[in-house]
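Structure, rendered in structure tokens:
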């Protein structure tokens, strides 16, 4: 990829992160920093555009670690807490703006944000230190500069979530699907032969709302992705052990990993 | 204090923590680990009882750092995000219980939790991995074992918050007031001559909803506290510089500090 496109994995963990509080398993006690996983989120830089996907509970720590100082918009995959609980950390990205911070999501996700963080959406939210959200309902592809972003509706158990396809001129397209159990046909068609697929692979065993490692590998093959990164990983996945079982075009993501740049 | 009473400062920071995202000030760039402050919270161990006060956004990191594995109850001071955003991290403390996790707070605070995390309070919340809250409205002093806990209503700008007075047999009483602008007369009477007062001292300058350092020092004197710790500190407070200005019975708290034990 060219120097003007960079994707950073802010977090690659499942809803409780790794290590899990109170857990003594080998992965939770591991010295391998790639087994320390905050909640899943990515940051994208495309030219002058700086985008955050999801605002999970580890956002402050992730932003400090990666020295994020400016964000032009937040894209939300869905309203589960491991993707929105860091909403209030976004205030630091509102202080230097004259306009609300665009927050893109499905109607359902934006409704969840309004219900949880009602004060921020209220007309009475005039205190300059607070988050100033600019909700934008996603109803199709949209652009930031030259970057085209297409929503990828997928099924996450009984909840619909939205992955995103990022297409920048001269760059290999990248798709991000952190919370998915099943890819419906329309989204499968959009994804066909994508260059880079980042996909949920919670654990070796099946789970009602997330893809297992085996299901993720099957999806990567069905999509025909040229390469793939596994994310949203639980403590049943040891980084090195999991990666040793994968074909060379499929890798295991870890917090702080950058692609491109 | 005896070995069966231990108070740990899980976090001593203000709502955005220190360092502040994007800030270049000397405190935010400081190498002194005492200037790295997660959001304010304490843990109390009294005999066999393990209590958490507040569940802020840094709870997972704080619990891992302090190796917290069991909590008998959570006491909430109020419903602001820097004190409740870690609600979902409490699931790890519910997995090994047969009963809901008691959550003590004012009616207003419990209403905020129900509004933000409605799914957890819903009768349909039967999935074993989720937080199982047992809300308990505070209407006066209550006990866990020999530990007596008295609510300390205080004013935090336009919001009422609740501090707590902890009294264990044979131990010096400890009061915790992390978010306070004014102590009303009844609470002042309860606090009179307390041995250890832990109190909000946001910054040197005045603030509409928090005590400044000067206001905290005046309150400590008015209460007649034998000793005090300053907490809920912003990036205008350098640990060493602030402590150098204080009388010997008043100290600056920091994340990970333990009293007693």
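Chains as they are written, first to last, in my numbering: chain H, 376 to 636; chain S, 376 to 636. Beta carbons: idealized from backbone N, C-alpha and C, even for Gly. The structure presented is a predicted model; accordingly, all values stated were derived computationally and were not measured.
- prompt: Pick from 427/H, 499/H and 521/H: whose alpha carbon is nearest that of residue 476/H?
  reply: For residue 476/H, the nearest C-alpha among the options comes from 427/H.
- prompt: When the Cα atoms are used, what is the spatial distance from residue 581/S to residue 587/S?
  reply: So the two alpha carbons sit approximately 5 Å from each other.
Range of the contiguous alpha helix (DSSP H) that encloses residue 526/S: Unbroken run through residue 526/S is the beta strand (DSSP E), 522-531; no alpha helix (DSSP H).
field: Short-range partners of chain H found in the stretch 393-410 of chain S, where Cβ spacing is below 7 Å
entry: Under the 7 Å Cβ criterion, the stretch 393-410 of chain S contributes 394, 395, 396 and 397.
message: Quick test of your reading: residue 527/H and residue 539/H, contact by CB under 8 Å. State the CB separation rounded to the nearest angstrom.
response: The pair is a contact, with the Cβ atoms about 6 Å apart (cut-off 8 Å).
message: Please tell me whether residue 495/H and residue 511/H are closer than 9 Å, where the distance is taken between their beta carbons.
response: Against a cut-off of 9 Å, the Cβ pair of residue 511/H and residue 495/H comes out as no contact.
- prompt: To which residues of the same chain is residue 379/H closer than 6 Å at the C-beta, ignoring the five residues directly before and after it?
  reply: Closer than 6 Å at Cβ, skipping near neighbours: 422.
task: Just tell me which of 441/H, 563/H and 435/H has its CA closest to the CA of residue 461/S.
output: Minimum Cα distance to residue 461/S is reached at 435/H.
query: Which whole runs of the beta strand (DSSP E) in the stretch 561-601 of chain H are 3 residues long or more, in chain order?
result: Fully enclosed beta strand (DSSP E) runs of no fewer than 3 residues occupy 571-575 of the stretch 561-601 of chain H, in order along the chain.
task: Could you tell me which of 415/H, 489/H and 632/H sits nearest to residue 576/H, measuring between CA atoms?
output: Per the Cα distances, 415/H.
- request: Count the C-beta pairs between the stretch 440-453 of chain H and the stretch 387-398 of chain H that are closer than 8 Å, then say yes if the count reaches three, no if not.
  value: In the pairwise beta carbon analysis, the stretch 440-453 of chain H is classified as not touching the stretch 387-398 of chain H: fewer than three pairs are separated by under 8 Å.
- prompt: What whole-angstrom Cβ distance do residue 597/H and residue 572/H have, given they're in contact under 8 Å?
  reply: About 10 Å; that fails the 8 Å criterion.
message: Quick check on DSSP: helix, strand or coil for residue 459/S?
response: Secondary structure of residue 459/S (DSSP, three-state): helix.
field: 6 Å Cβ shell around residue 639/S - same chain, five flanking residues per side excluded
entry: With chain S covering 376 to 636 only, the question about residue 639/S has no answer from this structure.
task: Can you grab the Cα-Cα spacing for the pair residue 530/H / residue 607/H, in whole Å?
output: Taking the straight line from one Cα to the other gives about 15 Å.
- request: Out of 583/S, 625/S and 541/S, point me to the one whose CA is closest to residue 599/S's CA.
  value: Just measuring C-alpha positions, the residue of 583/S, 625/S and 541/S sitting nearest residue 599/S is 625/S.
query: At a CB-CB cut-off below 7 Å, which residues of chain S make contact with residue 463/H?
result: For a Cβ distance threshold of 7 Å, residue set 456 and 460 of chain S lies close to residue 463/H, ordered along the chain.
- request: Consider the Cβ of residue 629/H: report whether some Cβ of chain S lies at a distance smaller than 9 Å.
  value: No, residue 629/H lies away from the interface with chain S (no Cβ there is under 9 Å from its Cβ).
query: Do we get a CB-CB distance below 9 Å when we pair residue 468/S with the residues of chain H?
result: The beta carbon of residue 468/S sits closer than 9 Å to some beta carbon of chain H.
message: Please state whether the Cβ-Cβ distance between residue 452/H and residue 551/H is less than 9 Å.
response: Less than 9 Å separates the beta-carbon of residue 452/H from that of residue 551/H.
query: With 9 Å set as the bound, which would you pick, yes or no: does the beta-carbon of residue 490/S sit closer than that to a beta-carbon of chain H?
result: True, the Cβ-Cβ gap to chain H drops below 9 Å.
task: Measure the alpha-carbon distance for residue 376/H versus residue 410/S and round it to whole angstroms.
output: Only weak support exists for where residue 376/H lies, its pLDDT of 48 falling under 50; the value from the coordinates is given anyway. Approximately 39 Å, taken between the alpha carbons.
message: So with CB distances below 7 Å, who are the chain S contacts of residue 512/H?
response: In chain S, no part has a C-beta under 7 Å from the C-beta of residue 512/H; the shortest such distance is about 22 Å.
- request: Classify residue 620/S as buried or exposed, calling it buried when 16 or more other Cβ atoms lie within 10 Å of its own Cβ.
  value: Classification for residue 620/S: exposed.
message: Distance cutoff 9 Å, beta carbons only. Does residue 585/S sit that close to anything in chain H?
response: Taking 9 Å as the threshold, the shortest C-beta distance from residue 585/S to chain H does not fall below it.
query: Does the beta-carbon of residue 594/H have 16 or more other beta-carbons within 10 angstroms, so that it is buried, or is it exposed?
result: Using a 10 angstroms sphere on the CB of residue 594/H, the tally of other CB atoms reaches 16 or more, which defines it as buried.
query: Checking contacts by CB at 9 Å: is residue 471/S closer than that to chain H?
result: Closer than 9 Å: yes.
query: Does the Cβ of residue 633/H have 16 or more other Cβ atoms within 10 Å, making it buried, or fewer, making it exposed?
result: With fewer than 16 other Cβ atoms from the protein chains shown falling within 10 Å of its own Cβ, residue 633/H counts as exposed.
- prompt: CB residue 508/H to CB residue 478/H, shorter than 9 Å?
  reply: With respect to residue 478/H, residue 508/H sits close: the two C-beta atoms are nearer than 9 Å.
- request: Could you say which of 543/S, 578/S and 493/S lies nearest to residue 555/S if we only look at CA atoms?
  value: If we check each option's Cα against that of residue 555/S, 578/S comes out closest.
query: Under three-state DSSP, which class holds residue 518/S?
result: When secondary structure is reduced to three states using DSSP, residue 518/S falls in the strand class.
message: Between residue 493/H and chain S, is any beta-carbon pair separated by less than 9 Å?
response: Yes, its Cβ sits closer than 9 Å to a Cβ of chain S.
- prompt: Can you name the residues that DSSP bridges to residue 388/H?
  reply: In the DSSP assignment, the residues bridged to residue 388/H are 414/H and 608/H.
- prompt: Helix, strand or coil: how does DSSP classify residue 405/H here?
  reply: Here residue 405/H sits in coil by DSSP.
message: If the criterion is Cβ atoms closer than 9 Å, does the pair residue 433/S and residue 392/S meet it?
response: Yes. Within cutoff.
task: Would you kindly work out how many angstroms separate the C-alpha atoms of residue 568/H and residue 547/H, rounded to a whole number?
output: Each residue's Cα considered, the two are about 11 Å apart.
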